[in-house]
Amino acid sequence: MGAEVNWVLKKALENQADMLNVLLPRLREDEDVVDSQEQTTSIVTDPSTKMSVLFTAVLQTGGYVGPFQGDTTLIFNRANTNMGEAYDISTGLFKAPVAGYYCFIFSYQADKREQSGLTLMKNDEAIVKAFNSNKPGIQHVDNASSTACLELQQGDTVSVVLPKECWVSGIGKTTSFTGFLISKALKSVSRPQTRVTKHTPCNQFGIFSLK
424 MGAEVNWVLK KALENQADML NVLLPRLRED EDVVDSQEQT TSIVTDPSTK MSVLFTAVLQ
484 TGGYVGPFQG DTTLIFNRAN TNMGEAYDIS TGLFKAPVAG YYCFIFSYQA DKREQSGLTL
544 MKNDEAIVKA FNSNKPGIQH VDNASSTACL ELQQGDTVSV VLPKECWVSG IGKTTSFTGF
604 LISKALKSVS RPQTRVTKHT PCNQFGIFSL K
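Note that our numbering has the sequence shown beginning at 424, numbered continuously upward.
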């Protein structure tokens, strides 16, 4: 009887050893995957890897701009700051270099006895507007501004449009356009599924077989 029990216990230990030999390599593989994903996450969220995109440009023409017969993209031709070179002073277009969340601000001055206004555009969509309608015969100064935070995909454009029949000042750096990247869009990191080894229930001696 004692020899039989010893034989059964020996077999149980051998089965346990076989199970460990199967599971340990799998555990090591899972640890390698988790370590790799944690390293990737740290790279994405590390402030040192963030891209700096910001600009401020002014309309400096020496006179008033407008009115035109149709809506016209306003070209802010003097860039005070243009980190990332995303704003083009020759076309008036800001082109998003990366997908993310951006903030844009425009302001203007107009002291003509005419209506004035500007519109912020995302691609071909009007986002926000600022507008003043002067009464005929009254001379005063208009100052207006507007701000918008936008989610942009890489390659999206943002611009400021002068509506038809509107004027703005291009004197004294009183009409400006500013934008900057708030944060890049982060891709979610998927976690690996936990692998579960199925087995038959063990008997009274702790013997079971792997499937």
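Idealized CB from N, CA, C, for every residue including glycine.
Beta bridge counterpart(s) of residue i as assigned by DSSP
i           : result
residue 481 : 501 and 599
residue 554 : 540
residue 506 : 477
residue 511 : 516
residue 609 : Partner(s): none; residue 609 has no beta bridge.
Cβ neighbours of residue i in the same chain (closer than 8 Å, five flanking residues each side left out)
i           : result
residue 577 : 519, 520, 521 and 522
residue 475 : 506, 507 and 604
residue 512 : 480, 498, 499, 500, 501, 502 and 505
residue 567 : 530, 531, 539, 540, 541, 553, 554 and 555
Environment of residue i [buried if 16+ CB atoms lie within 10 Å]
i           : result
residue 545 : buried
residue 556 : exposed
residue 595 : exposed
residue 517 : buried
residue 468 : Any reading at residue 468 needs caution, since the residue's pLDDT is 41, under 50, leaving its predicted position unreliable; the model's value is listed next. So residue 468 ends up on the exposed side.
residue 599 : buried
residue 565 : buried
residue 524 : exposed
residue 509 : buried
residue 608 : exposed
residue 549 : exposed
residue 478 : buried
Sequence-distant residues of its chain with Cβ nearer than 7 Å to residue i (five each side left out)
i           : result
residue 586 : 494, 540 and 542
residue 699 : Residue 699 lies beyond the stretch modelled for the chain, which goes from 424 to 634, so this question has no answer here.
residue 486 : 593 and 594
residue 448 : none
residue 492 : 587
residue 444 : none
residue 580 : 516, 517, 518 and 546
Residues of its chain near residue i, where Cβ-Cβ distance is below 6 Å and the 5 sequence neighbours each way are ignored
i           : result
residue 552 : 542
residue 528 : 570 and 601
residue 496 : 515, 582 and 584
residue 457 : Residue placement at residue 457 cannot be trusted, given a pLDDT of 47 that sits under 50; what the coordinates show is reported in the next sentence. Excluding residues within five positions, none has a Cβ falling inside 6 Å.
residue 488 : 591 and 593
residue 588 : 490
residue 533 : 539, 565, 590, 591 and 592
residue 575 : 519 and 525
Limits of the beta strand (DSSP E) - the one that residue i falls within
i           : result
residue 523 : 523 to 533
residue 587 : Taken as a continuous stretch (DSSP letters only), residue 587 belongs to no beta strand (DSSP E), as it is neither H nor E.
residue 546 : It is not in any beta strand (DSSP E) - residue 546 carries neither H nor E in the DSSP assignment.
residue 565 : 565 to 575
residue 516 : 516 to 518
Chain B contact for residue i (CB, 9 Å cutoff)
i           : result
residue 578 : Absent from the structure is chain B; it holds one protein chain and no more.
Residue i beta carbon near the ligand NAD (any heavy atom closer than 8 Å)
i           : result
residue 514 : Among the components of this structure there are no ligands whatsoever, and the ligand NAD is therefore not found.
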